[in-house]
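First up is the structure itself, then whatever we jot down about it.
Numbering (my numbering), first residue to last: -2 to 210.
Written out as C-alpha cells, the structure is:
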C-alpha cells in the first residue's frame, strides 16, 4: 500500500554504519530544531490559535482544541511545507553539536517528518546550514508521526546514545539496547526510568557523553 511504502521510505536510502563508535542517534524536532513555536506561528496563519496553558500537552489536537484527524492533517501539511527551511536551532544546540563533531562525533538523525522528498531535502539543507555539512549522515526520514521502531532496530544492541523528546521513542530505544537521553520539555514531565537520562540541553548532553565515553 502507499502508506506502507511511505513508512519504509528510509529503507530505500543506501547507508552503512560509520567506522567510528562515536555516533549519536538523534531525533530532530524538539531536539535539534525548535518545532513547537514554529508550528504555533504557522497554525495562527491558518486561524488556529494555541489554547492557553497547554504547553504540557504533547497531543496537538488538545493544544489547539481540534479533532485528532484534523490535527494529524495539519501537522503533515506543516512538515512538508517551506516552513521547514526556516526552523531555528534549539537553544545552545549549534555551539555544542559543532564541538561534539569537532571531537569526533557523528550524528544520525531519525525523524518522523514526512515522506515528501522535496521537504526531506529542505530538512537536510536546513540542518547543514545551521550545523555544518559533515555533522549528519545516514538520514532516516520517516512519514509524519510514524513509529521509529524499524529505524531503531537497525542499531539493536549497539549501545549508541539516542537523543529523543518523545517518551515512547526513548523507551523503544531502551528496548533495542540503546542509551536514551530524554530532552526535557513541558510535555514529557513526570515520566521517569532509571535507564533513561533526562537532559536539559546540548551542553548537558556533551557533559554526559564526554564523561561516559
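Cβ coordinates follow ideal geometry from the N, Cα and C atoms, glycine included.
How big is the Cα-Cα spacing for residue i and residue j?
| i | j | result |
| --- | --- | --- |
| residue 177 | residue 27 | 15 Å |
| residue 55 | residue 40 | 16 Å |
| residue 89 | residue 23 | 16 Å |
| residue 251 | residue 30 | Within the shown structure, residues of the chain are numbered from -2 to 210, placing residue 251 beyond reach of any answer. |
| residue 132 | residue 172 | 27 Å |
| residue 102 | residue 50 | 38 Å |
| residue 119 | residue 99 | 24 Å |
| residue 195 | residue 168 | 12 Å |
| residue 84 | residue 192 | 31 Å |
| residue 170 | residue 152 | 9 Å |
| residue 82 | residue 124 | 9 Å |
| residue 197 | residue 97 | 16 Å |
| residue 189 | residue 204 | 20 Å |
| residue 52 | residue 68 | 16 Å |
| residue 137 | residue 130 | 17 Å |
| residue 61 | residue 164 | 21 Å |
| residue 147 | residue 48 | 34 Å |
| residue 201 | residue 209 | 13 Å |
| residue 114 | residue 126 | 18 Å |
Does the beta-carbon distance from residue i to residue j come in below 8 Å?
| i | j | result |
| --- | --- | --- |
| residue 161 | residue 180 | yes |
| residue 63 | residue 45 | yes |
| residue 43 | residue 71 | yes |
| residue 154 | residue 174 | yes |
Output needed for residue i: all residues of its chain with C-beta closer than 7 Å, excluding positions within five of it in sequence on either side, in chain order.
| i | result |
| --- | --- |
| residue 4 | Confidence in residue 4 is poor, its pLDDT being 43 and thus under 50, which makes the residue's placement unreliable; the coordinate value appears in the next sentence. Taken in chain order, the residues that qualify are 139, 140 and 143. |
| residue 182 | 27 and 162 |
| residue 128 | 91, 94 and 95 |
| residue 158 | 21, 22, 176, 178 and 206 |
| residue 121 | 136 |
| residue 65 | 58 |
| residue 0 | For residue 0, the pLDDT reaches just 44, beneath the cut-off of 50, and the residue's location in the model is therefore unreliable, although a value from the coordinates is still provided. Contacts found: none. |
Taking the alpha carbon of residue i as the point to measure from, which residue in the options has its own alpha carbon closest?
| i | options | result |
| --- | --- | --- |
| residue 149 | 115, 109 and 101 | 109 |
| residue 79 | 107, 117, 66 and 97 | 117 |
| residue 135 | 122, 151, 18 and 105 | 105 |
| residue 33 | 65, 18 and 87 | 87 |
| residue 75 | 164, 18, 36 and 199 | 36 |
| residue 211 | 47, 65, 66 and 156 | Outside the shown range of the chain, which is -2 to 210, sits residue 211, and nothing can be said about it. |
Excluding the five sequence neighbours on either side, which residues of its own chain have a C-beta within less than 6 Å of the C-beta of residue i, listed in chain order?
| i | result |
| --- | --- |
| residue 73 | 141 |
| residue 145 | 107 and 166 |
| residue 25 | 106 and 108 |
Report all residues from its chain with a CB closer than 8 Å to the CB of residue i; omit the five preceding and five following residues, and keep chain order.
| i | result |
| --- | --- |
| residue 11 | With a pLDDT of 44 at residue 11, under the threshold of 50, the modelled position of this residue cannot be trusted, and the question is left open. |
query = In chain order, which continuous runs of the beta strand (DSSP E) of length 3 or greater are located wholly inside the segment 145 to 209?
reply = 158 to 161, 176 to 180 and 194 to 196
task = List in chain order: all unbroken alpha helix (DSSP H) runs of 4+ residues lying wholly within the segment 39 to 80.
result = 57 to 61 and 65 to 76
request  = Please specify which runs of the beta strand (DSSP E), each continuous and at least 3 residues long, are wholly inside the segment 86 to 153, giving them in chain order.
outcome  = 103 to 108
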